[in-house]
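Chemist:
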Amino acid sequence: MLPELGHFALILALLLAGLQAFFGIAGPALARERWISAVTPAVAGQFVMVATAVVCLAASFIGDDFSVRYVASNSNSALPLFYRVSALWGAHEGSLLLWILLLAAWTVAVAIGAARLPRRFAARVLGVLGLVSFGFLLFTLATSNPFLRLDPPAGDGVDLNPILQDPALAVHPPILYTGYVGFAVAFAFACAAMLEGRLDQEWARWTRPWTTTAWAFLTCGIALGSFWAYYELGWGGFWFWDPVENASFMPWLVGTALVHSLAVTDKRGLFKSWTLLLAILAFSLSMLGTFLVRSGVLVSVHSFAADPARGIFILAFLVLMIGGALALYAWRAPLLKSSAGFELGARESFLLFNNVLLVIAAATVFAGTLAPLVSDALGLGTLSVGAPYFNPTFMLTMLPLMALLPLGIHASWKRGRLSDAQRTLLMTLAAALICALGLAFGVYSHGAVLTPVGLSLGVWIILASLVDPLDRWRRGLSLSRAVLGMTIAHIGLGLAVIALTTVQSFTLERDVALAPGASTSVGGYQFRLGAVEPIEGPNYGGLGASITVTRGAAVVAVLKPQKRQYWVQHQLTTETAIHINRGNNLLVALGDDLGAGRWSVRIQIRPLVSLIWLAALVMAIGGVVAATDRRYRAGRVAAAAPALAPGGEQPT
Amino acid sequence: MNRFLLPLAGFMLLAVILAIGIRHAPEKDIIASPLIGKPAPNFALPDLADAAHTVRAADFKGRWYLFNVWGTWCGDCRAEHDTLLEIRRANVLPLVGLDWKDDDAQARAWLTQLGNPYAVVAVDHAGRTAIDWGVYGAPETFLVNPQGIVVYKVVGGLTHEVWTREILSRVPRQPFGGS
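Taken in order, these protein sequences are the chains called A and B.
Here the first sequence is numbered in our numbering, starting from 1 and rising by one per residue.
Here the second sequence is numbered in our numbering, starting from 1001 and rising by one per residue.
Following this line, the structure appears as structure tokens:
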């Protein structure tokens, strides 16, 4: 009964999303007040229906209802309860349902927040969001229904893919999707502004907190995914430039550009058409990511579900949504005129550089991700693009971006005189150089040419970000949340640069063959293999090793890596064991039985690798702090005033 | 020309490329196996019927065969068994079984009771060969050509439909008995 109820709720949600889109877009256009009034109830109803559907599916998972095909394919009676819930988004159908739920939740949040916005504008924003919901609901019901029944029911399920049975990966999709879906809000604001012709800078101010929040979630989501790949995939890398990873990274790069360009549009009324384009682009890339992952167009280690028929549907949807938005842009953007100018060396120009570099970075990632596809489509043969392409091209844009950041922070709006900040900048740069050289040649003993460059840029970013806030604090002046959040995020970025440089320069890696009792020495640590013994978990068996790590005479840690075999799917997974000592991540993975009692063991020492994820978290916290600035809330009340003027606003 | 039309034009070009990409997108089952188009992994395993005899992948070089991974513990293998018997009767190509992580006595009893569709069954107690073939879960079936290249893979139980539409259509019609 429950699955049918869920299915029915999903159909009702589709109808309500259709009404929400129709009333939200047609109501303001035809000036029908009663239609506009119907939008908010439709939003609430849609959320309730989607939530009902999710609860029904979750109940089928928890209750082991293997007559539901999706449950039978992704769960098992031996699966622990926690993973039975997270199995809900373990495959394609459920991921879509999760996406829809999060979109519905964001829409409700926007509906509440938009109560202070001009009535028609708010209706249009909700209408555009309704259109997005409608598309995804239709897609789910038509091609990816999670409520289909099996007849006869399966005796037991085939289990959740074992590599997904992991706490970090259980929470990774909801956080990542919250970020993706959040860009839908920026997209909706941009489309509403274009539909209405209200292309002043107000829409930018209204959009800022939403975009920054979405960006913070996306940052966290990407970091979690990278963290999972580091310890679960067993080879200790933290970023593989895999199509699925790139699919989340491109919206992040463009989203970062958007966060900055919105600041310029909001504060100075510049970059208006560019900001609109970025808002469209950020969400387009989020949807394109879904398309790439779900259509089977690109083969990836992460693609758990792929189907060309679904690909055609998503592509048609993309063409309608993105094509529609870009057509709207081509129609409206020429009406925009910027009156204000700025000098070279003013903050505006640094933010312009920031935008250009970030978009170029996103474009290079885009080109590398799609090159295999284009080459295949044109019949040029199969091509594979990896780190040798991505690393240098990415560095090419990131190095100048990092170098310009400290200058940008200290530049003033409109006027291009950096001389006031010259002393501060030189002092912090000198301090950064000293720190970097100390790190590169003091703490660690070797390194490449770029090592001191990367380290000094990282330290410089942090020091330069701290100067002004510390100065204000010393003088007892208040610090707005927006500035505080920006400072925290930039410090996070500096930390990330330092961590990435250190990891890339000073990682030690050894694959050794060890018999129990034998030991090997890597980077000043001794690794001694103890016994290799059978282990047993709730739904898996396997082997566990015990490796004692010593430094000098002292025991640093006893690491217990495992090889697990999950009973139902017979899949092997590698569970690495990690210990952090003096900022170094000691990672040990148990490899194959080499015969004669010897085992292959992978040992890696990565300095400061944990700092990468910590830095991402700091950046995300900065985003959240900035999004809660009082100014946005106050700004909304003030902005509501012009709404009293008669509607149908068109620029001339 | 209106420069604000450029993003739209760029996007439309991309949409065309993606549309071509979808048409080229490999089928669902093929994505699941990186082995398609590659040589079938070699193995040397004891014969279920006679443990002293060794079954090797090389034994089948020069002809089409189906490599079917099964076990008596697997419910779907029971479900596909009738299709396997049908394939045996069709006499188009031999079925090579891989009895995966199974009890030999039970496996022999199963074949006696239900009928034996296999030309030969290799016994994989340790599961090493199944790992080499990238087996995700039983049953799985691989179609291998006379050059020893994996041509097609079916994940899950074989059905009459898959047999006629996907497998038979890929194999030139010749009974495998005569050479």
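Ideal Cβ placement from N, Cα and C applies to all residues, glycine included.
On a predicted model such as this, the values are computed, not experimentally measured, just so you know.
1) If we define contact as Cβ-Cβ less than 8 Å, is Leu1018(B) a contact residue for chain A?
2) Could you pull out every unbroken alpha helix (DSSP H) segment of at least 4 residues lying fully inside the stretch 1072 to 1142 of chain B, listed in chain order?
3) Is Leu336(A) helix, strand or coil by DSSP?
4) Do Val171(A) and Trp106(A) have their CB atoms nearer than 8 Å?
5) So, does the CB of Ala72(A) fall closer than 8 Å to a CB anywhere in chain B?
6) Report all residues from its chain with a CB closer than 7 Å to the CB of Tyr389(A); omit the five preceding and five following residues, and keep chain order.
7) Please confirm whether Phe1011(B) has its beta-carbon closer than 8 Å to some beta-carbon of chain A.
8) Against chain A, with Cβ distances strictly below 8 Å, would Ser1179(B) count as a contact?
9) Listing by chain order, which chain B residues have their CB less than 8 Å from the CB of Tyr329(A)?
10) Say whether chain B places a C-beta atom closer than 8 Å to the C-beta of Val301(A).
11) For Asp1047(B), which beta-bridge partners are listed by DSSP?
12) Is the Cβ of Ala1079(B) closer than 8 Å to any Cβ of chain A?
13) Closer than 7 Å by beta-carbon distance: list the chain B residues that pair up with Leu131(A), in chain order.
14) So within the stretch 47 to 119 of chain A, which uninterrupted alpha helix (DSSP H) runs reach at least 4 residues, ignoring any that extend past its ends?
15) Which same chain residues end up closer than 8 Å to Trp473(A) when comparing Cβ atoms and leaving out the 5 residues on each side of it in sequence?
16) Looking at Val359(A): is its Cβ nearer than 8 Å to the Cβ of Val497(A)?
17) Who are the neighbours of Ala1109(B) on chain A, taking C-beta pairs under 9 Å?
18) For Pro243(A), which residues does DSSP report across the bridge?
19) Assuming contact is defined by CB atoms lying nearer than 8 Å, are Gly323(A) and Phe1011(B) in contact in what I supplied?
20) For the stretch 600 to 627 of chain A, list every residue whose C-beta sits within 9 Å of some C-beta in chain B, in sequence order.
21) Does the stretch 223 to 233 of chain A touch the stretch 603 to 615 of chain A, meaning 3 or more C-beta pairs lie closer than 8 Å?
22) On the DSSP bridge assignment, give the partners of Lys414(A) in chain order.
23) Taking all protein chains shown into account, do 16 or more other C-beta atoms lie within 10 angstroms of the C-beta of Asn1042(B), making it buried, or fewer, making it exposed?
24) Name the DSSP beta bridge partners of Gln604(A), please?
25) Ala1015(B) touches chain A at which residues, Cβ-Cβ below 9 Å?
26) Thinking C-beta only, is Ala114(A) closer than 8 Å to Gln672(A)?
27) Let me know the secondary structure DSSP gives Val1171(B) once reduced to three states.
28) Among residues of its own chain, excluding the 5 on either side of His1040(B), which ones have a beta-carbon nearer than 8 Å to its beta-carbon?
29) Which one of Met402(A), Leu425(A) and Met398(A) has the shortest CA to CA distance from Ala411(A)?
30) Provide the residue span of the alpha helix (DSSP H) that contains Gln20(A), from first to last.
31) So the candidates are Ala58(A), Phe22(A) and Phe217(A); which of them puts its Cα closest to the Cα of Gly622(A)?
32) Please classify Asn584(A) as buried or exposed, where buried requires at least 16 neighbouring CB atoms within 10 angstroms.
33) Beta strand (DSSP E) containing Ile580(A): first to last residue?
34) Mind checking which residues open and close the beta strand (DSSP E) that includes Gln526(A)?
35) Does DSSP put Ala1032(B) in a helix, in a strand, or in coil?
Modeler: On the basis of the supplied data:
1) Translated into positions along the second sequence, residue 1018(B) becomes position 18. Closer than 8 Å to the CB of Leu1018(B) there is at least one CB belonging to chain A.
2) Considered as a whole, the stretch 1072 to 1142 of chain B harbours 1075 to 1090, 1104 to 1114 and 1128 to 1132 as its complete alpha helix (DSSP H) runs of no fewer than 4 residues, in chain order.
3) For the purposes of this step, residue 336(A) is identified with residue 336 of the first sequence, where counting begins at 1. Annotated three-state conformation of Leu336(A) is coil, per DSSP.
4) Numbered from its first residue, the first sequence carries residue 171(A) at position 171. Numbered from its first residue, the first sequence carries residue 106(A) at position 106. No, the Cβ-Cβ distance between Val171(A) and Trp106(A) is not below 8 Å.
5) For the purposes of this step, residue 72(A) is identified with residue 72 of the first sequence, where counting begins at 1. So no, Ala72(A) is outside the interface.
6) Taking the first residue of the first sequence as position 1, residue 389(A) is located at position 389. Sequence-distant Cβ neighbours of Tyr389(A) in its own chain, meaning closer than 7 Å and more than five residues away, are Gly368.
7) Walking along the second sequence from the start, residue 1011(B) turns up at place 11. Taking a beta-carbon distance threshold of 8 Å, Phe1011(B) counts as an interface residue toward chain A.
8) Counting from one through the second sequence, the residue named residue 1179(B) turns up at place 179. Residue confidence is low: Ser1179(B) scores 35 on pLDDT, short of 50, so the model does not pin down where it sits. Its coordinate-derived value is still stated next. Contacts with chain A at 8 Å (Cβ-Cβ) do not include Ser1179(B).
9) Residue mapping note: residue 329(A) aligns to position 329 of the first sequence, counting from 1. Ordered by position in chain B, the residues that pass the 8 Å Cβ test against Tyr329(A) are Phe1004, Pro1007 and Leu1008.
10) On the first sequence, position 301 is the one that residue 301(A) refers to. Residue confidence is low: Val301(A) scores 36 on pLDDT, short of 50, so the model does not pin down where it sits. Its coordinate-derived value is still stated next. Taking Cβ atoms only, chain B never reaches closer than 8 Å to Val301(A), which makes this a no.
11) As a first step, residue 1047(B) is located in the second sequence; it is residue number 47 there, counting from the start. BP columns for Asp1047(B) point to Ala1122(B).
12) Residue 1079(B) sits at position 79 when you count from the first residue of the second sequence. At a cut-off of 8 Å between beta carbons, Ala1079(B) makes no contact with chain A.
13) Taking the first residue of the first sequence as 1, we reach residue 131(A) at position 131. For Leu131(A), there are no C-beta contacts with chain B under 7 Å, since the nearest C-beta of that chain is about 18 Å from it.
14) Counting only runs of 4 or more, we get 69 to 74, 81 to 86 and 92 to 113.
15) Along the first sequence, read from residue 1 onward, the residue named residue 473(A) stands at position 473. Answer for Trp473(A): Leu479, listed in chain order.
16) For this step, residue 359(A) is matched to residue 359 along the first sequence. For this step, residue 497(A) is matched to residue 497 along the first sequence. In this structure, Val359(A) lies away from Val497(A), with their beta-carbon atoms at least 8 Å apart.
17) Along the second sequence, read from residue 1 onward, the residue named residue 1109(B) stands at position 109. Those do not exist, as Ala1109(B) stays about 21 Å from chain A at its closest Cβ, beyond 9 Å.
18) As a working note, residue 243(A) is residue 243 in the first sequence. Pro243(A) pairs with nothing; no bridge assigned.
19) Working through the first sequence from its first residue, we reach residue 323(A) at position 323. Working through the second sequence from its first residue, we reach residue 1011(B) at position 11. For the 8 Å CB-CB criterion, Gly323(A) and Phe1011(B) form a contact.
20) Answer set for the stretch 600 to 627 of chain A: empty.
21) Contact between the stretch 603 to 615 of chain A and the stretch 223 to 233 of chain A is present, because at least three Cβ pairs lie under 8 Å.
22) Indexing the first sequence from 1 puts residue 414(A) at position 414. Per DSSP, none; premise fails for Lys414(A).
23) Locating residue 1042(B) in the second sequence gives position 42, where the first residue counts as 1. Per the 10 Å Cβ criterion, exposed.
24) If you number the first sequence from 1, residue 604(A) lands on position 604. Per DSSP, the beta bridge partners of Gln604(A) are Glu509(A) and Leu587(A).
25) As a position in the second sequence, residue 1015(B) is number 15, starting the count at 1. When 9 Å is used as the limit between beta carbons, Ala1015(B) is near these residues of chain A: Leu315, Leu318, Val319, Ile322 and Gly323, in chain order.
26) Because residue 672(A) is not part of the residues shown, which for chain A are 1 to 652, the question remains open.
27) Taking the first residue of the second sequence as position 1, residue 1171(B) is located at position 171. Here Val1171(B) carries a coil assignment [DSSP, helix/strand/coil].
28) As a position in the second sequence, residue 1040(B) is number 40, starting the count at 1. The sequence shown places Ala at residue 1040(B), not His. Ala1057, Phe1067, Trp1133, Phe1142, Val1144, Gly1148, Ile1149 and Val1150, listed in sequence order.
29) Taking the first sequence and counting its residues from 1, the one referred to as residue 411(A) is at position 411. Closest option to Ala411(A), Cα to Cα, is Leu425(A).
30) One-based indexing of the first sequence puts residue 20(A) at position 20. Segment Leu2 to Leu30, the alpha helix (DSSP H) holding Gln20(A).
31) The sequence position of residue 622(A) within the first sequence is 622, counting from 1. That would be Phe217(A), whose Cα lies nearest to the Cα of Gly622(A).
32) Your numbering for residue 584(A) matches position 584 in the first sequence. Its Cβ being crowded by 16 or more others within 10 Å, Asn584(A) is buried.
33) In the first sequence, counting from the first residue as 1, residue 580(A) sits at position 580. Counting along the chain, the beta strand (DSSP E) containing Ile580(A) begins and ends at Ala577 to Asn581.
34) As a first step, residue 526(A) is located in the first sequence; it is residue number 526 there, counting from the start. For Gln526(A), the uninterrupted beta strand (DSSP E) run begins and ends at Tyr525 to Glu536, by DSSP.
35) Here residue 1032(B) refers to the residue found at position 32 when the second sequence is read from its first residue. Note that Ala1032(B) has pLDDT 49, beneath the 50 cutoff, so the model's placement of it is unreliable and no number is given.
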